[in-house]
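Taken in sequence, the protein lines are chains C and R.
For the first sequence, this note's numbering gives the first residue as 1, with consecutive numbering after it.
For the second sequence, this note's numbering gives the first residue as 471, with consecutive numbering after it.
Glycine is no exception: its CB is placed at the ideal position from the N, C-alpha and C atoms.
To start, the structure under review is shown below, and the notes come after it.
Protein chains: 2
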Amino acid sequence: MKIDRTSDRSVASLIAPDILDLLDSSPQTIAAETEEMHAADLADVAEALPHDRVRDLLAALPSARAADVLEYLDEELRTELLEEMSAPEAARIVAEMNPDERADALEELEEETYDEILSEIPLEAREETERLLAYEPDTAGGLMTTEFVSVPGDTTVEAALTAVRRIARSGRSEGMHAIYATDPQGRIMGVLSLRELLAAPEGAKISDVAWEEVVTVAPTADREEVAQLTSNYDLVALPVVDDQGRMIGIVTVDDVIDALVEEHTEDVQKFGGMEAIEHPYMQTGVLMMLRKRAGWLAALFVGEMLTMSAMQRYEHELEQAIVLSLFIPLIISSGGNSGSQATSLIVRAMALQEVRLRDWWRVAGREAATGISLGVILGTIGFFRILLWQELGLWDYGQHSVLIGLTVGLTLLFIVFFGTIAGSMLPFVLRRLGFDPASASAPFVATLVDVTGIGIYFSIALLLLRGTLL
Amino acid sequence: MKIDRTSDRSVASLIAPDILDLLDSSPQTIAAETEEMHAADLADVAEALPHDRVRDLLAALPSARAADVLEYLDEELRTELLEEMSAPEAARIVAEMNPDERADALEELEEETYDEILSEIPLEAREETERLLAYEPDTAGGLMTTEFVSVPGDTTVEAALTAVRRIARSGRSEGMHAIYATDPQGRIMGVLSLRELLAAPEGAKISDVAWEEVVTVAPTADREEVAQLTSNYDLVALPVVDDQGRMIGIVTVDDVIDALVEEHTEDVQKFGGMEAIEHPYMQTGVLMMLRKRAGWLAALFVGEMLTMSAMQRYEHELEQAIVLSLFIPLIISSGGNSGSQATSLIVRAMALQEVRLRDWWRVAGREAATGISLGVILGTIGFFRILLWQELGLWDYGQHSVLIGLTVGLTLLFIVFFGTIAGSMLPFVLRRLGFDPASASAPFVATLVDVTGIGIYFSIALLLLRGTLL
């Protein structure tokens with residue numbers, strides 16, 4: 001089945017009808033007709049088919065091929081399919097999956113189904129799965145696969161190449177981009193890319209041609225650290241070693257990319273002021289969506305209620321000079337916006353390790369300079385806006401319009417400065433307290449600045465307008 | 471020189487003093503002592519050295535090694551170093567860089583230096599560089615390298631392997647993870663991973679064992695599309711083809727990761743309400759920072775000035791019932807926060823292609839349901855907060871406190887609903903108009919909702935309080 005990739009339509013919509021027809025044929029025909037398709041495309045098509053037809057498709061494919069398709073399948077659909085299959089049927093496919101993908105797939109199942117399927121797969125694969133599931137999913141251990149190619153350091157290049165070809169022919173070891181040299185205790189001594197192995201002079205020992213400096217990671221390392229190392233050193237696989245320096249797995253670059261994309265999604269959602277959702281938007285039910293959004297929204301709302309108390313404190317002043325209330329939305333939103341800018345900048349710089357905890361005072365200095373400048377800009381615009389409207393007769397701010405303009409302008413200067421400093425320092429405070437700095441969302445900063453903003457505004461008003469308006 | 475990676479200190483701070491001492495030795499000693507270090511680490515160390523010592527270091531290293539270090543070096547430092555070197559000195563190193571990295575490095579230079587260095591490198595590399603620089607940096611063409619391994623489809627597996635070993639030994643072709651089968655016109659006919667080549671039966675033709683379904687991309691494709699394809703199909707290299715289907719390069723996975731990280735940074739900064747900055751936070755001057763931040767902040771400020779006009783329209787009502795002003799910050803921020811949640815969610819879902827333009831009405835339906843629920847929650851809290859304070863005697867909202875509570879509660883319901891709908895639809899509107907949906911920043915949405923929110927608030931107040939407070 002040939003896919004026309006120049007079409008605007010999705011692969012699934014192009015092929016799904018043909019696959020449906022095909023499913024009435026013999027398993028051999030189904031397997032042969034779909035043989036050249038990328039497993040990712042076949043998974044896309046499967047997602048567009050009715051459930052029972054997906055099971056027919058998987059049943060018709062050779063186990064290894066069905067396992068490949070399962071790896072690319074949407075998580076929820078995969079879980080449902082595995083729950084619906086008989087345990088031996090599921091085990092036949094699951095046993096052929098890469099160890100890390102297998103662990104991910106089984107982790108999502110009901111405990112009972114999990115136990116049933118696990119008991120049907122070969123002992124070695126079973127133990128491997130349980131070992132991998134002991135690691136947190138967001139760590140190097142949770143991302144790694146246990147299939148990698150390692151040889152003793154004194155192996156010759158030719159012998160290593162023969163070993164590599166044997167392993168390649170066995171169809172295992174997805175991540176065969178590098179060969180690791182290990183000592184008799186399994187400790188990692190060197191690394192060699194497949195290209196470097198091919199380039200190496202015949203007769204040389206692996207230990208002579210391998211790189212001795214190997215970048216490794218502990219199984220407990222966070223996926224952000226894994227991504228950082230992979231990106232910094234341009235790796236296609238990152239070895240995971242235990243505390244004895246023994247190699248226990250590798251994280252392959254495709255899983256790093258998936259982790260990066262997932263991390264990005266979580267960051268964006270958190271910065272928008274909600275809990276991260278685990279599934280794609282369209283597959284998340286309204287109830288789950290509410291759960292992820294209502295909590296933060298209500299918490300921010302309760303925090304924002306402090307603005308009511310702050311306003312109440314100044315009700316007397318408001319009664320005397322109602323004109324002051326006109327500028328409140330403008331003032332607090334300017335504080336919130338400048339805070340949101342600063343927070344997004346610093347949260348990201350921290351994630352990229354461009355800025356560390358100990359840099360807080362340097363950041364504070366830079367943000368102070370930026371904050372004052374931004375404050376002067378907005379304050380000036382605000383001041384002249386009020387004067388201009390008064391002069392042009394567009395609005396009458398009364399006889400003290402210049403004083404009102406000064407009050408608003410000066411408040412803007414202070415609040416933009418304060419918003420910038422608060423927004424840039426909040427991620428440091430959160431990290432210092434052991435929280436994720438990315439919890440410093442735009443709404444969080446805005447709420448923080450709003451309450452203070454009202455206080456700043458009325459303090460300046462009392463200072464400048466006492467004896468005239470107040 | 472051996473690096474203690476278990477130390478908490480950075481590689482650069484551990485090694486920099488030793489390298490400084492070492493730099494007084496002969497070039498041979500310098501090259502030998504640093505031979506086992508990863509080029510990325512050596513680049514880190516170089517960044518910690520004084521400029522003139524970095525030049526000494528690069529001069530002491532063999533050209534290919536110096537080129538590797540240059541590839542990992544901070545962009546700004548790299549540009550400065552190349553500007554400072556003599557043209558032949560720079561050309562010696564630059565000629566050894568991978569084509570894509572070379573183009574990136576030369577692109578940053580002053581035109582004069584660029585011309586001088588380019589005229590010193592071999593003709594072929596020069597033409598290649600100029601060809602690559604013709605593509606936009608954020609496209610597949612801008613990311614690709616022109617070094618890849620392709621063989622005619624009728625090559626035997628053994629002959630292909632010999633060709634691969636020869637290319638590997640030449641030290642070129644960084645991205646040797648896959649072999650591409652091409653027809654006599656250079657059109658791509660199949661792909662085979664290096665592992666699959668090693669696993670292939672001897673004597674077979676490449677066209678028999680290669681995958682015919684090849685995922686390719688046009689040179690003009692956006693880097694987001696490149697990342698999406700690499701991630702979907704778990705690729706380590708993505709072939710770039712011209713409109714005739716002829717292969718002109720590959721994008722390797724390390725460049726995809728860099729592009730993903732950069733894209734993420736831009737997204738976060740844009741969502742925070744500023745223009746994306748090109749350099750790391752600490753290396754961006756305060757003036758440049760101001761330029762990136764003041765524009766959006768001032769634009770939002772001018773937009774937010776509409777709240778002044780909106781408030782002025784209701785000054786008469788405010789004078790009659792000053793108590794209404796107390797709730798304004800609470801109300802407009804709730805609208806902004808719910809809008810910010812919805813926007814971040816949809817912008818991200820769009821980037822992941824979970825949601826397409828034509829899904830807008832489905833999204834609207836889902837967000838309407840969520841928005842009403844969230845509105846009911848916040849409205850209820852707001853209503854009871856006012857009643858409770860009144861009952862407990864914490865504040866006196868006057869004889870019409872229940873009506874005031876109703877007004878605030880109902881306004882919250884409407885504004886959260888409106889904020890959610892506006893926030894979720896804005897990315898669709900932006901995309902439909904041809905803008906980047908990611909321009910829908912949290913402050914942008916908040917500003918949009920603030921102005922409308924004041925109108926909603928006073929409309930409901932006029933409806934419920936006419937004859938009592940108003």
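With DSSP run on the structure shown, which of helix, strand or coil describes residue i?
i               : result
A638 of chain R : helix
R761 of chain R : helix
I121 of chain C : coil
S26 of chain C  : coil
G879 of chain R : helix
Y650 of chain R : strand
D538 of chain R : helix
W865 of chain R : coil
A200 of chain C : coil
A12 of chain C  : helix
D450 of chain C : helix
G141 of chain C : helix
M189 of chain C : strand
S795 of chain R : helix
V685 of chain R : coil
V149 of chain C : strand
T156 of chain C : strand
Output, in chain order, the set of chain C residues within a Cβ distance shorter than 7 Å of residue i.
i               : result
Q782 of chain R : L326, W395
Q739 of chain R : S344, L345, R348
H734 of chain R : H264
M646 of chain R : R195
F888 of chain R : The contacting residues do not exist; F888 of chain R stays about 14 Å from chain C at best.
E967 of chain R : The structure shown does not extend to residue 967 of chain R, since chain R spans only 471 to 940, so no value can be given for it.
Can you pull the chain R residues whose beta carbon is under 8 Å from the beta carbon of residue i, in chain order?
i               : result
R165 of chain C : L668, A669
G336 of chain C : S803, G806, P913, A916
Y233 of chain C : H508, A510
S207 of chain C : The contacting residues do not exist; S207 of chain C stays about 12 Å from chain R at best.
Is the beta carbon of residue i sitting closer than 9 Å to the one on residue j?
i               : j               : result
K205 of chain C : T252 of chain C : no
I332 of chain C : I454 of chain C : yes
R596 of chain R : L588 of chain R : yes
V347 of chain C : M752 of chain R : no
A321 of chain C : L469 of chain C : yes
L297 of chain C : S894 of chain R : no
G379 of chain C : V449 of chain C : no
S871 of chain R : I856 of chain R : yes
T890 of chain R : L844 of chain R : yes
L547 of chain R : V564 of chain R : no
E35 of chain C  : N98 of chain C  : no
P709 of chain R : V679 of chain R : no
Cβ closer than 8 Å: which chain C residues qualify as neighbours of residue i?
i               : result
T840 of chain R : V286, M289, L290, R293
P750 of chain R : A349, L352, E354
Could you list which residues in chain R have their beta carbon closer than 9 Å to that of residue i, in chain order?
i               : result
I257 of chain C : A697, T700, S701, D704, V723, V726, I727, L730
P329 of chain C : E774, T777, M778, A780, M781, I798, P799, I802, D920, V921, G923, I924
I248 of chain C : Chain R residues near I248 of chain C: none, gap ~17 Å exceeds 9 Å.
Strictly below 9 Å CB to CB, what residues from chain C border residue i?
i               : result
I792 of chain R : E315, L318, E319, I322, S325
R855 of chain R : V302, M305, M308
A768 of chain R : L374, I377, L378, I381
Under 7 Å Cβ-Cβ, which residues of chain R neighbour residue i?
i               : result
G272 of chain C : S810, Q811, T813, S814, L815, A912
R366 of chain C : V756
R169 of chain C : A669
List the whole-angstrom C-beta distance separating residue i from residue j, where the pair is believed to meet the contact cut-off of C-beta under 8 Å.
i               : j               : result
L900 of chain R : A916 of chain R : Not confirmed; about 16 Å, so no contact.
V45 of chain C  : I15 of chain C  : 5 Å
L49 of chain C  : I19 of chain C  : 7 Å
A726 of chain R : S231 of chain C : According to the sequence as given, residue 726 of chain R is Val; it is not Ala. The Cβ separation is near 10 Å, so there is no contact.
I460 of chain C : L410 of chain C : 5 Å
Those runs of the alpha helix (DSSP H) which lie wholly inside the segment 27-52 of chain C and span at least 4 residues: List check, alpha helix (DSSP H) in window: 27-33, 39-48.
Length at least 3, wholly inside the segment 217-259 of chain C: the beta strand (DSSP E) runs in chain order: Fully enclosed beta strand (DSSP E) runs of 3 or longer: 237-241, 247-252.
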